[in-house]
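Number of protein chains: 2
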Amino acid sequence: MNIFILGGDGFCGWPTTLHLSKLGYNVHILDNLSRRKIDTELGVSSLTPIASIEQRVEAWNQISGANIIFHQIDLATEYERLLGLLLTHKPGAIVHFAEQRAAPYSMKNSATKRYTIFNNTNVTHNVLCAMVESKLEPHLVHLGTMGVYGYSSTGLTLPEGYLHAELKNIHGEISDCEILYPTSPGSIYHMTKCLDQEMFKFYAKNDHLRITDLHQGIVWGTMTDEVMLDERLINRFDYDGDYGTVLNRFLSQAAIGYPLTVHGTGGQTRAFIHIRDTVRCIALAIKNPPNKGERVKIFNQQTEIYSVIELAELVAELTGSEIQYIENPRYEAKENSLKADNENFLYHLKLEPTLLGDKLIQEIYECSVKYKDRIDPKHILCQSIWNEERKQVIEKGLRE
Amino acid sequence: MNIFILGGDGFCGWPTTLHLSKLGYNVHILDNLSRRKIDTELGVSSLTPIASIEQRVEAWNQISGANIIFHQIDLATEYERLLGLLLTHKPGAIVHFAEQRAAPYSMKNSATKRYTIFNNTNVTHNVLCAMVESKLEPHLVHLGTMGVYGYSSTGLTLPEGYLHAELKNIHGEISDCEILYPTSPGSIYHMTKCLDQEMFKFYAKNDHLRITDLHQGIVWGTMTDEVMLDERLINRFDYDGDYGTVLNRFLSQAAIGYPLTVHGTGGQTRAFIHIRDTVRCIALAIKNPPNKGERVKIFNQQTEIYSVIELAELVAELTGSEIQYIENPRYEAKENSLKADNENFLYHLKLEPTLLGDKLIQEIYECSVKYKDRIDPKHILCQSIWNEERKQVIEKGLRE
């Protein structure tokens with residue numbers, strides 16, 4: 003079966019590409035290399051020295067005997083080419099990672115807000131539209147985020163997308179129904195995933211497209227079995243304040259003796275997943291598509307829940323680093339509790355989770371130490387501030 | 003007070019422009035004339051011979067002594083110009099009509115689907131983004147649609163945006179909260195208004211923008227006090243299958259002796275409003291902004307509820323026309339009941355509604371008869387078909 007991986011050059015996209023190729027799928031990467039271009043824009047590089055897309059694809063094809071094909075295409079603007087690729091290669095599944103995926107970058111300034119909306123909304127819609135126009139019926143597997151739910155609005159254990167609701171209007175009329183969990187995104191990036199969700203719902207209803215939406219937790223780690231096979235296959239590792247995910251960022255801070263910077267109280271509680279499980283979850287989702295006419299399948303793709311301070315303490319203990327509390331640039335609840343379902347992957351699809359433990363953290367730490375000369379300390383702190391109120395608090399703190 | 007009217011050259015935008023100008027506001031129209039360009043694309047014209055934007059603005063300024071200013075600008079792509087206009091003119095309110103607003107056009111083909119998503123999403127977001135960047139705090143009044151609710155999902159009297167919900171997950175945990183009524187849009191156009199709603203929610207929360215979202219019913223009529231003052235001020239009247247709203251379309255069909263074409267059973271029940279009330283509602287909304295930090299104000303902008311067949315029978319009786327039932331190109335429930343709140347405008351803000359009655363219908367009919375030579379019968383039927391299933395049903399009907 004042919005599979006298209008949209009955004010197959012990125013942090014999750016690349017290891018997924020290799021994993022699916024290893025499983026025997028014929029993988030096509032569709033990517034405009036925007037993640038590399040944003041690195042250039044921000045003046046930052048992956049901690050790990052990633053090879054060019056041509057080099058890494060060639061290396062994999064050599065090593066594995068597979069034939070991954072890379073198509074450089076801007077999915078937000080080159081609709082006709084996307085449609086042509088669909089009609090030519092007739093993929094059985096499309097994995098959609100082709101969105102700007104950093105919350106801080108999406109809140110950096112007016113241009114990055116607009117880019118995030120423009121790119122994410124138009125890519126998702128172009129893909130849906132091309133699926134209909136092609137009259138092919140590929141299964142779309144989309145990477146969403148746990149952030150569509152928000153983290154403190156209802157106090158409920160977060161469901162996998164859907165919830166039972168008893169609705170009651172001012173006239174006292176009552177209606178029982180299944181609804182999507184009410185969205186409460188914390189950034190423009192997270193909001194685009196809520197917009198995606200609305201588009202998926204419409205196209206599943208109107209055109210009977212088969213869609214799986216994976217609400218993923220925060221990814222940690224960088225290595226999978228496949229990317230470790232050869233230095234040229236190495237995966238991206240972001241340590242910077244915009245793109246670095248929290249645990250990876252702490253470990254690279256530790257590697258250069260920089261204090262572990264915790265926003266606010268560190269009481270923000272989030273769901274996590276190791277990148278090894280990300281790629282396994284995608285493979286499981288591909289094998290278990292919804293039926294035609296079925297509503298969108300929504301899975302929570304996360305295996306563990308921690309607060310930011312718990313992670314900082316874990317890293318501090320392992321590495322002897324100091325923890326430093328700084329003003330939170332994000333406009334969010336200081337603290338929240340969090341429980342979230344993940345029965346679909348863990349129970350029904352038998353994912354054996356990769357849990358946070360010293361050994362894997364040690365592995366990431368060693369990777370950070372190995373490449374620590376590539377870290378530019380001035381990119382470690384988050385430069386994006388969520389709103390005017392946060393800006394004033396932070397500027398006041400700097401003046402004092 | 004300065005007011006920006008985005009889309010001020012359109013069917014609702016133009017009469018609103020004149021009404022607000024008459025009330026003493028300094029009105030700026032921001033419009034890319036896309037509605038006129040789509041007429042050209044479709045090979046169709048307004049039933050009424052509308053003047054060019056320059057002519058109609060000049061006529062109004064002459065007649066009223068006001069000084070409406072027209073800015074030709076594409077709000078989806080010219081962000082910096084929008085921001086510049088905001089900073090220069092510092093509007094106290096922005097009225098946002100600048101969206102592709104026909105459901106059939108939005109479902110016509112892949113290009114019109116993508117245009118509708120591209121335009122509506124990017125315009126709305128550019129406006130929100132510029133409001134934040136400008137640090138001005140204008141009140142945004144947006145034209146939404148009753149179609150965000152869908153028409154048959156819960157059976158409840160539709161609330162004005164918000165609803166009480168008792169949420170219950172699979173663990174039996176329960177949470178009480180206020181939620182946005184769960185969306186169920188029936189076309190790409192309607193869906194864009196759901197996406198808008200999500201963006202408004204985010205910006206009201208994160209940046210404390212003041213936003214009013216008016217979920218409007220189907221507009222009928224074409225005349226307001228202001229547009230009737232001079233032939234050069236005449237408003238657009240769409241009779242075609244893409245842009246014509248149902249009652250106006252029936253009356254122009256009657257004017258040329260074309261049967262009144264009813265989709266399916268005509269049991270689709272919808273909310274309606276006369277264009278005179280549209281302009282009054284906008285004025286009332288401007289006078290009653292939400293407070294800074296308040297959630298988005300959502301009003302249902304509709305005064306009456308009818309089924310399509312009731313309207314067809316009304317027009318048939320008045321004009322002697324015949325009713326013809328045709329296959330429904332839309333993918334929607336054959337019939338639905340509908341009740342919807344409108345207390346905010348009718349009770350709290352004291353709108354005196356313009357109800358459907360012989361006199362006003364007669365006025366529209368006379369207008370249709372006056373200009374009937376401008377009707378091209380081949381544009382009367384809806385050419386847009388919602389999905390593959392509907393296409394097959396309609397093609398089968400044509401073959402038999």
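Protein sequence lines correspond, in order, to chains A and B.
My numbering puts the first residue of the first sequence at 3, with every later residue one more than the last.
My numbering puts the first residue of the second sequence at 3, with every later residue one more than the last.
Don't be surprised by glycine CBs; every beta carbon is placed ideally from N, CA and C.
Treat the numbers as computed from the prediction; the structure is a model and nothing was measured.
Sheet register partners of residue 179 of chain B (DSSP bridge)
B:167
For residue 386 of chain A and chain B, any beta-carbon pair shorter than 8 angstroms?
no
Ends of the beta strand (DSSP E) at residue 222 of chain A?
220-222
Distance, residue 293 of chain A Cα to residue 307 of chain B Cα:
37 angstroms
Of all the beta strand (DSSP E) runs that stay within the bounds of the region 273-328 of chain B, which reach a length of 3 or more residues?
299-303, 306-309 and 325-328
Please check the pair residue 377 of chain B and residue 241 of chain B, which I expect to be a contact at CB under 8 angstroms, by giving their CB distance rounded to whole angstroms.
6 angstroms
Since residue 263 of chain B sits in a beta bridge, which residues does DSSP pair it with?
B:326
To which residues of the same chain is residue 315 of chain B closer than 8 angstroms at the C-beta, ignoring the five residues directly before and after it?
325
Where in the region 78-161 of chain A do unbroken runs of the beta strand (DSSP E), each at least 3 residues long, occur, reported from the N-terminal end onward?
95-98 and 141-147
So, is residue 104 of chain A buried or exposed, given that buried needs 16 or more other C-beta atoms within 10 angstroms?
buried
Please indicate yes or no: does the CB of residue 205 of chain A lie closer than 7 angstroms to some heavy atom of the ligand ATP?
In terms of ligand content, the structure shown is empty, and the ligand ATP therefore cannot be addressed.
According to the Cβ coordinates, are residue 287 of chain B and residue 367 of chain B closer than 8 angstroms?
no
Measuring only the C-alpha atoms, how far is residue 386 of chain B from residue 107 of chain B?
7 angstroms
Local conformation of residue 215 of chain A per DSSP, three classes:
strand
Would you list, in chain order, the members of the region 294-327 of chain A that have their beta-carbon closer than 7 angstroms to a beta-carbon of chain B?
none
Taking three-plus beta-carbon pairs below 8 angstroms as touching, is the region 257-276 of chain B in contact with the region 121-132 of chain B?
no
Where do the ends of the beta strand (DSSP E) carrying residue 33 of chain B lie?
28-33
Chain-ordered neighbours of residue 115 of chain B on chain A, where CB pairs are closer than 8 angstroms:
127 and 131
Here's the rule: buried if 16 or more other CB atoms are within 10 angstroms of the residue's CB, otherwise exposed. What is residue 161 of chain A?
buried
Whole-angstrom C-beta distance between residue 52 of chain B and residue 236 of chain B, which should lie under 8 angstroms:
6 angstroms
Any chain A beta carbon closer than 8 angstroms to residue 50 of chain B
no
Tell me the DSSP secondary structure of residue 55 of chain B in three-state form.
helix
List, in order along the chain, the chain B residues whose C-beta lies closer than 8 angstroms to that of residue 193 of chain A?
200, 201 and 204
Within 9 angstroms of chain B by C-beta, residues of the region 134-161 of chain A in sequence order
134, 135, 137, 155, 156, 157, 158, 159, 160 and 161
Just reading off the beta strand (DSSP E) that residue 74 of chain A is part of, what are its end residues?
71-74
Closest residue to residue 156 of chain A among B:166, B:149, B:389 and B:77 (Cα-Cα distance):
B:166
Selected residue, minimal CA-CA separation from residue 322 of chain A, among A:265, A:259 and A:372:
A:259
7 angstroms CB neighbourhood of residue 231 of chain A in its chain, flanking five on each side removed
65
When the Cα atoms are used, what is the spatial distance from residue 11 of chain B to residue 35 of chain B?
7 angstroms
Counting C-beta neighbours from all protein chains within 10 Å, is the total for residue 398 of chain A 16 or more, i.e. buried, or is it exposed?
exposed
Using a Cβ-Cβ cutoff of 9 angstroms, what residues of the region 353-381 of chain A are near chain B? List them in chain order.
none
Proximity below 8 angstroms, CB of residue 266 of chain A to CB of residue 336 of chain A:
yes
Terminal residues of the continuous alpha helix (DSSP H) containing residue 347 of chain A?
Segment: none, residue 347 of chain A is in no alpha helix (DSSP H) and carries neither H nor E.
Of all the options A:123, A:311 and A:251, which has the alpha carbon lying nearest to the alpha carbon of residue 221 of chain A?
A:251
Backbone secondary structure at residue 190 of chain A - three-state DSSP
helix
Verify the CB distance criterion: does residue 170 of chain A have a CB-CB separation below 8 angstroms to chain B?
yes
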